[in-house]
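Going down the list, the sequences are from chains A and B.
Using this note's numbering, the first residue of the first sequence is number 40, and each one after it goes up by one.
Using this note's numbering, the first residue of the second sequence is number 120, and each one after it goes up by one.
Backbone N, C-alpha and C define an ideal beta-carbon position, used for all residues, glycine too.
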Amino acid sequence: MKKERQDMTRRDFIKTTGTGLAGAAVLASPFGPLAGRAFAEVAPPKLALEKNPVVKVLRWSVFIGTDKEYWEKNCRKWEKVTGGKVINEYISWEDVRPKAAMSAAVGGGPDIVLGWHDDPWLYPDKLLDVTDICTYLGKKYGGWEDVCVRYGSKDGKWIAVPMGGPGQEIVYRKSWLNEAGYDEFPKTNEEFIKCCKKLKEKGHPVGFALGHAVGDGNNWAHSWLWSWGAKTVNKDGSVAINSPETRNAMEGMKEIYSAMIPGCASWLDAHNNKAFLANQISVTNNGISIYYAAKKKFPDIAKDTYHSNFPIGPVGHPAELHLFNQAFIFKYSQVPNAAKHFLMFMLEKDQCAPWINAMEGYVTPGLKAYRKLPIWTADPKNTPYRDCIKNMLWNGYEGPIGPASAEVMAEYVVVDMFANYCARNVSMDKAIAQAEKAIARAYKK
Amino acid sequence: MAIERSGSKLFKFYLPLVMYLVFLLFPFYWMVNTVFKSDKELYDMSLNPFYIHHPTVHNIVRLFTETIFLRWMANTFFVAILATLISLAASLLAAYAIQRLRFKTSGPTGVAIFLAYLIPQTILFIPLASIIFKLKLWDSLWALVLTYPTFLVPFCTWLLMGYFKSIPKEMEECAMIDGASRIRIFWKIILPLCLPGVLSAGIFCFTLSWNEYLYALAFISSSAKKTVPIGLVTELVRGDIYHWGSLMAGALCASVPVALVYSFFVEQYVAGMTGALKE
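See the structure below:
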């Protein structure tokens with residue numbers, strides 16, 4: 040009897056206060072610039088939680104140890120607030136997509152999936168509408184970055200909650216850059232190409248993945264392509280890869296390839312990390328994991344490691360691709376309100392800020408207010424990663440997001456186009472024609 | 120003359136043998152080599168990579184203290200042994216029936232079983248997931264025990280069909296004249312004679328179950344119920360950071376049981392694979 044009364048009180052409390060944390064104005068907290076900052080007074084959506092909800096979450100296994108520590112800590116906090124339970128399943132990040140697709144197909148499995156890029160667009164009709172919590176979070180935390188709206192909402196309805204992205208930026212060795220005659224990292228494509236060549240001349244080649252590296256390869260190839268004003272498809276999904284801009288991008292890539300260490304055409308995601316930490320390359324694109332690993336195990340390399348945003352190409356503005364993570368709830372969930380409440384709770388400042396700070400810059404959130412978190416300025420080397428979601432375009436830019444864009448990425452069409460031309464002696468025309476055919480096939484379905 | 124013979128043996132036998140052994144054992148040497156190196160040494164390209172300069176057991180300690188590797192090993196054993204037993208039982212009966220009972224559709228049945236083997240796992244796992252879900256076996260080791268035979272039974276059946284073919288029919292006919300039933304014949308005559316074939320099929324089943332990845336990934340969620348291949352990848356590959364030393368330690372430890380199984384039954388295995396019973 041007593042227990043029942045306690046449950047009722049807790050649920051009533053949550054019903055009327057939404058997250059149980061969000062209703063009141065934010066008072067002083069230990070999170071630096073966000074401390075004492077009064078966020079917009081927005082009433083959280085009223086979510087009547089199911090009784091003793093058990094929320095099963097499928098997510099990528101942590102990149103950085105503190106991620107899991109704080110994520111779990113926040114889960115326990117949510118359990119305390121709601122009386123529910125959270126069961127997290129961690130699997131390799133590349134395996135989340137097939138497992139989520141299987142759950143969508145059979146109608147069972149985790150309630151929430153933290154998936155990648157276009158995942159929610161592969162089965163949008165099977166996902167719960169999360170417009171209420173996304174609208175609330177957006178209003179409260181300064182709005183969502185543009186790419187979040189693009190990825191998370193379909194036909195004006197939110198189908199996924201953007202969690203942020205493990206961004207990719209340029210990682211370089213400062214002393215070697217100085218040796219090549221540069222004080223700071225080049226800001227334009229043209230200067231960047233010259234710099235790579237000079238570094239090679241000095242005995243410090245660069246290294247960018249042109250193999251089937253899910254993150255590094257795709258991000259590098261797409262960012263480079265877009266920076267020249269080229270794209271795979273137009274707004275209406277018609278194929279646009281065969282353009283003068285693509286040819287310029289390919290010429291530029293070939294020049295950079297001449298400054299690369301041998302073997303980049305077969306690199307997977309882990310190769311550039313290893314080559315950088317083994318002093319084999321001077322520049323690469325990567326998440327903050329290289330710097331993180333260096334700080335732990337190779338302090339000398341860490342001291343000399345710096346980051347920069349991708350150079351700006353002829354297109355005149357940042358046009359980057361990063362890994363993008365979003366959480367979605369399946370309609371088959373027996374605890375839809377609890378699942379929504381959980382996601383909302385996890386992105387509230389009291390949970391999200393310490394989680395992001397603990398990851399030392401590995402994940403950049405999609406809510407604009409979190410650009411002010413101390414982690415982005417505590418170590419100036421983290422700062423470029425702060426802006427990756429802001430500078431990001433969506434996979435399949437500038438066409439629609441969906442199964443076709445997912446297929447083009449999954450088949451490494453853009454990566455292979457560059458690799459075929461640069462490393463496999465395929466003519467430019469043929470490499471573009473092959474890519475054009477693959478893109479057309481994907482978008483015709 | 121003798122020198123000539125020994126020289127010829129050196130080039131025709133020992134040299135190819137050594138080359139083959141190097142080719143075969145190099146991955147294991149590389150695993151051991153990586154296990155006992157620190158990350159610093161692993162990433163130092165100025166050092167000779169074939170030699171361990173500063174041996175460390177840190178990677179092994181990490182594997183056993185920071186992950187539940189032994190639990191994964193136990194799970195893998197449980198699944199591999201049960202899946203092997205179920206598959207062998209089903210395959211023996213199927214192969215015997217197809218080969219000996221000679222019913223009307225025995226030929227097409229044999230072909231159909233073989234065709235089932237050709238269906239890739241990547242296509243099968245979604246309908247299987249639906250069944251597993253309906254049976255409420257999601258996140259249970261029994262899901263693996265029951266699904267692994269879907270790819271083990273067809274191959275084993277074909278292997279054993281070939282083996283049964285090599286056993287003279289006359290032996291069964293003699294037993295029948297003496298009054299033995301089909302079951303008795305199978306149990307007392309056929310099974311002992313085809314033991315090498317059964318063992319080789321068993322080793323095949325055990326190895327495939329031990330290394331299976333896709334179904335284990337799809338049907339298991341809890342960390343404590345993972346098998347070795349899934350557990351290692353989940354816990355020791357973090358995004359683009361690979362904990363190579365501990366990964367290799369895990370791979371090495373996980374390959375020991377399979378190597379032991381092979382070493383115990385190597386003669387029967389070879390006999391089983393080569394078709395075996397001499398008339």
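Is DSSP giving Gly203 of chain A helix, strand or coil here?
Counting from one through the first sequence, the residue named residue 203 of chain A turns up at place 164. Gly203 of chain A falls in the strand class under three-state DSSP.
Quick check: does the Cβ of Leu182 of chain B come within less than 7 Å of any heavy atom belonging to the ligand PLP?
You won't find the ligand PLP in this model; it holds no ligand whatsoever.
Report, in whole angstroms, the separation of the C-beta atoms of Val245 of chain A and Thr323 of chain A, which I expect to be a contact under 8 Å.
The count along the first sequence starts at 1 and reaches residue 245 of chain A at position 206. The count along the first sequence starts at 1 and reaches residue 323 of chain A at position 284. A Cβ-Cβ separation of about 7 Å places Val245 of chain A in contact with Thr323 of chain A under the 8 Å criterion.
Counting along the chain, where does the alpha helix (DSSP H) carrying Ile245 of chain B start and finish?
Start at 1 with the first residue of the second sequence, and residue 245 of chain B comes out as number 126. Gln240 to Lys253 is the extent of the alpha helix (DSSP H) around Ile245 of chain B.
Relative to the C-alpha of Ala82 of chain A, which candidate in A:Pro163, A:Asn91, A:Ala139 and A:Tyr180 has its C-alpha closest?
Against the first sequence, residue 82 of chain A aligns to sequence position 43. For Ala82 of chain A, the nearest C-alpha among the options comes from A:Tyr180.
Going by DSSP, what residue range makes up the alpha helix (DSSP H) through Glu387 of chain A?
Position 348 of the first sequence, counted from the first residue, corresponds to residue 387 of chain A. Per DSSP, Glu387 of chain A belongs to no alpha helix (DSSP H) and is neither H nor E.
Pair within 8 Å by beta-carbon distance, Pro357 of chain A and Asn364 of chain A
Here residue 357 of chain A corresponds to residue number 318 of the first sequence, with the count starting at 1. Here residue 364 of chain A corresponds to residue number 325 of the first sequence, with the count starting at 1. In this structure, Asn364 of chain A does not lie closer than 8 Å to Pro357 of chain A by Cβ.
Please list the partners that Phe32 of chain A has in chain B, where partner means a Cβ-to-Cβ separation under 8 Å.
With chain A covering only 40 through 484, there is no way to say anything about residue 32 of chain A.
Return the Cβ separation of Ile395 of chain A and Leu412 of chain A in integer angstroms, given the expectation that the two are a contact with Cβ distance under 8 Å.
As a position in the first sequence, residue 395 of chain A is number 356, starting the count at 1. As a position in the first sequence, residue 412 of chain A is number 373, starting the count at 1. About 6 Å separates the two Cβ atoms, so the contact holds.
Contact set between the region 106-127 of chain A and chain B, restricted to residues whose Cβ is under 7 Å from the partner
Identification of residues in the region 106-127 of chain A having a C-beta nearer than 7 Å to some C-beta of chain B yields an empty set.
For the region 346-377 of chain B, list every residue whose C-beta sits within 8 Å of some C-beta in chain A, in sequence order.
Result list: Ile349, Val352, Thr353, Glu354, Val356, Arg357, Gly358, Asp359, Ile360 and Tyr361.
Straight-line CA distance for Val145 of chain A to Phe145 of chain B?
To locate residue 145 of chain A, count along the first sequence from 1; it is residue 106. To locate residue 145 of chain B, count along the second sequence from 1; it is residue 26. Cα to Cα, Val145 of chain A sits roughly 43 Å from Phe145 of chain B.
Sort out for me which residues DSSP pairs Phe147 of chain B with in a bridge.
The residue you call residue 147 of chain B lines up with position 28 of the second sequence. Per DSSP, none; premise fails for Phe147 of chain B.
Measure the CB-CB distance between Ile322 of chain B and Tyr215 of chain B and report whether it falls below 8 Å.
As a first step, residue 322 of chain B must be located in the second sequence, where it is residue number 203. As a first step, residue 215 of chain B must be located in the second sequence, where it is residue number 96. No, they are not a contact pair.
Closer than 8 Å, CB to CB, is Leu379 of chain B near chain A or not?
The count along the second sequence starts at 1 and reaches residue 379 of chain B at position 260. Leu379 of chain B is outside the set of residues whose beta carbon lies under 8 Å from a beta carbon in chain A.
In terms of residues, what are the limits of the alpha helix (DSSP H) holding Glu218 of chain A?
As a first step, residue 218 of chain A is located in the first sequence; it is residue number 179 there, counting from the start. Unbroken alpha helix (DSSP H) run through Glu218 of chain A: Lys213 to Glu218.
Ranges of the alpha helix (DSSP H) found wholly within the region 123-204 of chain B, counting only runs of at least 4
134-154, 158-161 and 177-185
C-beta contact flag for Thr276 of chain B and Ala373 of chain B at 8 Å:
Your numbering for residue 276 of chain B matches position 157 in the second sequence. Your numbering for residue 373 of chain B matches position 254 in the second sequence. No, the pair does not count as a contact, with Cβ atoms beyond the cut-off.
Is Gln387 of chain B helix, strand or coil by DSSP?
Residue 387 of chain B sits at position 268 when you count from the first residue of the second sequence. Helix.
Option in A:Trp117, A:His156, A:Gly147 and A:Ser192 with minimal Cα separation from Ala445 of chain A
Walking along the first sequence from the start, residue 445 of chain A turns up at place 406. For the residues A:Trp117, A:His156, A:Gly147 and A:Ser192, the minimum Cα distance to Ala445 of chain A belongs to A:His156.
Partners in chain E for Trp132 of chain A, counting only beta-carbon separations shorter than 8 Å:
Judged by its chain identifiers, the structure shown contains no chain E, and its protein chains are A and B.
Quick one: complete alpha helix (DSSP H) runs, 4+ long, within the region 415-444 of chain A?
The qualifying runs are 422-425.
Select from A:Asn318, A:Ser297 and A:Ser282 the residue whose C-alpha is nearest the C-alpha of Cys234 of chain A.
Within the first sequence, numbered from 1, the residue matching residue 234 of chain A stands at position 195. Of the listed residues, the one whose Cα sits closest to Cys234 of chain A is A:Ser297.
Determine the contact status of Val101 of chain A and Lys107 of chain A, defining contact as a CB-CB distance below 8 Å.
Numbered from 1 along the first sequence, position 62 holds the residue referred to as residue 101 of chain A. Numbered from 1 along the first sequence, position 68 holds the residue referred to as residue 107 of chain A. Cβ atoms of Val101 of chain A and Lys107 of chain A: closer than 8 Å.
Residues bridged to Ser24 of chain A [DSSP beta-bridge criterion]
For chain A, the structure presents residues 40 to 484; residue 24 of chain A sits outside this window and is missing.
Is there at least one Cβ from chain B nearer than 8 Å to Ala481 of chain A's Cβ?
If you number the first sequence from 1, residue 481 of chain A lands on position 442. For Ala481 of chain A, the answer is no, since every Cβ of chain B falls outside 8 Å of its Cβ.
For Leu167 of chain A, which residues in the same chain have their Cβ closer than 6 Å to its Cβ, ignoring the five residues on either side in sequence?
In the first sequence, residue 167 of chain A corresponds to position 128, counting from 1. Here the set comprises Ile368, Lys370 and Pro375.
CB contact check: Asp389 of chain A to chain B, cutoff 8 Å:
One-based indexing of the first sequence puts residue 389 of chain A at position 350. No - not a single Cβ of chain B is within 8 Å of the one on Asp389 of chain A.
Quick one: Cα of Trp117 of chain A to Cα of Gln390 of chain A, how far?
Residue 117 of chain A sits at position 78 when you count from the first residue of the first sequence. Residue 390 of chain A sits at position 351 when you count from the first residue of the first sequence. About 9 Å.
Gly291 of chain A versus Thr269 of chain B - alpha carbon distance
Taking the first residue of the first sequence as position 1, residue 291 of chain A is located at position 252. Taking the first residue of the second sequence as position 1, residue 269 of chain B is located at position 150. So the alpha carbons of these two residues sit roughly 51 Å apart.
Coarse secondary structure for Ala366 of chain A, derived from DSSP in three states
As a first step, residue 366 of chain A must be located in the first sequence, where it is residue number 327. Looking at Ala366 of chain A - three-state DSSP - the assignment turns out to be strand.
Run down chain A in chain order and give the residues with a C-beta less than 7 Å from the C-beta of Ser249 of chain B.
Within the second sequence, numbered from 1, the residue matching residue 249 of chain B stands at position 130. Result: Val145.
With a CB to CB cut of under 7 Å and the five nearest residues on each side skipped, what residues in its chain are close to Glu475 of chain A?
To locate residue 475 of chain A, count along the first sequence from 1; it is residue 436. So the list reads Val278, Ile280 and Asn281, once near-sequence residues are dropped.
For Ile300 of chain A, collect the residues of the same chain with a Cβ closer than 8 Å to its Cβ; drop the 5 residues on either side in sequence, then sort them by chain order.
Within the first sequence, residue 300 of chain A is the residue found at index 261, counting from 1. Here the set comprises Pro244, Val245, Gly246, Ala314, Gln319 and Ile320.
Could you name the residues of the same chain whose beta carbon sits closer than 6 Å to that of Tyr236 of chain B, not counting the 5 residues immediately before and after it, in chain order?
Here residue 236 of chain B is taken as the residue at index 117 of the second sequence, counted from 1. For Tyr236 of chain B, where only same-chain residues beyond five positions count, the Cβ hits under 6 Å are Pro273 and Phe274.
Which first and last residues belong to the beta strand (DSSP E) in which Arg98 of chain A is found?
Here residue 98 of chain A is taken as the residue at index 59 of the first sequence, counted from 1. Segment Val93 to Trp99, the beta strand (DSSP E) holding Arg98 of chain A.
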